[in-house]
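Counting in my numbering, the sequence shown runs from 780 upward without gaps.
Virtual Cβ for every residue (Gly too), placed ideally from N, Cα, C.
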Amino acid sequence: MLPVVRRLPLEPLIIVPYQSIGQYGGVLHGTSKATESGTSDLLSVRRVNLVRFSDDLATVVRNVAKSWDWNADFTVLKVTLRQGHKWSDGAPFTAHDIALWYNNIQMDRNVIETSKDRFLSAGKPVKVEALNDTTVQFVMNEPAPGYPDNFAQDHAQPFLPKHLLEKFYPTFNKDADKLAQSLGFDNGSALEQDLCADSRLKVLPVTEATDDVIEHVVWMKNRRNLPGIRDFIHLAIEQCCGALSELSEL
């Protein structure tokens, strides 16, 4: 795995601390909406989104995306990525990774049987195209000024490594199915479904509310003894919208 310092983009996102830079390691306390047993919240800590919500829980601000622009009637969205992002193996992260995620994973019924409504427009697929390495375009079926909000939510990371996955698609590789079969899958679609359908964690339904704090051990110090979050403690709340509104007013 490429060291983090060599994976930093040419235009890194700089976040100004509220008061001071905190201490590394320790315990991180947060709240969980308890959706899908809370796994989406945890995955959003492990991964990053194109955009994110600011502290007011309403304003969408940049994250992996450097900027985004709409046309006059909010039917064409162009998202510009910050230059120089890399995957953990050192391969460039580009707009083509976003196009593959949408066109070849989200909209492939052999991989995902039913797409999430939030990634559709007027109930139909959006036209997603990588215009170049740092610009991806979304063409809606009707005005959708709130569409970027979908990428700020939990478990909404709209990209997958094309350089790794395209070899299992007949569209990109005529021997895709044969390669997947050599790895024990029926075909390329079966392999993609196993890797990318939604989550590599098994998602279980919420059967009852919990009264106590739920503790998830997420990060410990790594083999190089670098500090990380030791525990991530989630308070699962049933009425998420009201609770989050109350938290925002504190």
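According to the DSSP assignment, S968 belongs to the alpha helix (DSSP H) that extends over G967 to C975. Going by C-alpha positions, Q960 is about 20 Å away from R888. Following the DSSP letters along the chain, one finds A955 inside the alpha helix (DSSP H) bounded by residues A955 to S961. DSSP places K906 inside the beta strand (DSSP E), whose first and last residues are K906 to N911. Taking C-alpha positions only, D868 is separated from Q936 by approximately 18 Å. In this structure, the alpha-carbon of G925 lies about 34 Å from that of F947. In terms of Cβ geometry, G863 and P788 form a close pair [threshold 7 Å]. In this structure, the CA atom of M919 is about 44 Å from the CA atom of Q802. Shortest Cα-Cα distance from E921 to any of V830, W849, R841 and D834 involves W849.
For K857, no alpha helix (DSSP H) segment is defined; the enclosing uninterrupted segment is the beta strand (DSSP E) at V855 to L860. Under DSSP, L899 forms a beta bridge with P904. If you ignore the 5 residues before and after E892, its C-beta comes within less than 8 Å of no other C-beta in its own chain. Between D912 and A878, the gap from beta carbon to beta carbon reaches 7 Å or more.
DSSP places F930 within a helical segment (H, G or I) once states are collapsed to three. By alpha-carbon distance to L943, the top candidate from S894, L910 and E971 is E971. With a beta-carbon spacing of about 4 Å, L856 and F917 fall inside the 8 Å limit used to define contacts. Using a 10 angstroms sphere on the CB of I884, the tally of other CB atoms reaches 16 or more, which defines it as buried.
Non-local beta-carbon contacts of W866 in its own chain, meaning distances under 7 Å to residues more than five positions away in sequence, involve F872 and P940 in chain order. Boundaries for A870: no beta strand (DSSP E) harbours it, and the DSSP string shows neither H nor E there. Straight through space, the alpha carbons of A931 and R831 are spaced by roughly 4 Å.
Around A851, the same chain offers no residue with a beta carbon nearer than 8 Å, after the five sequence neighbours per side are excluded. Annotation for E790: R861 and Q862 place their beta carbon closer than 6 Å to its own, counting only its chain and skipping 5 residues before and after.
Apart from sequence neighbours up to five positions away, the residues of its chain that approach V843 with a beta-carbon distance below 6 Å are V827 and L829, ordered along the chain. Ranked by Cα distance from I793, the options L781, R841 and R785 are led by R841. When only Cα atoms are considered, N952 and L962 end up about 16 Å apart.
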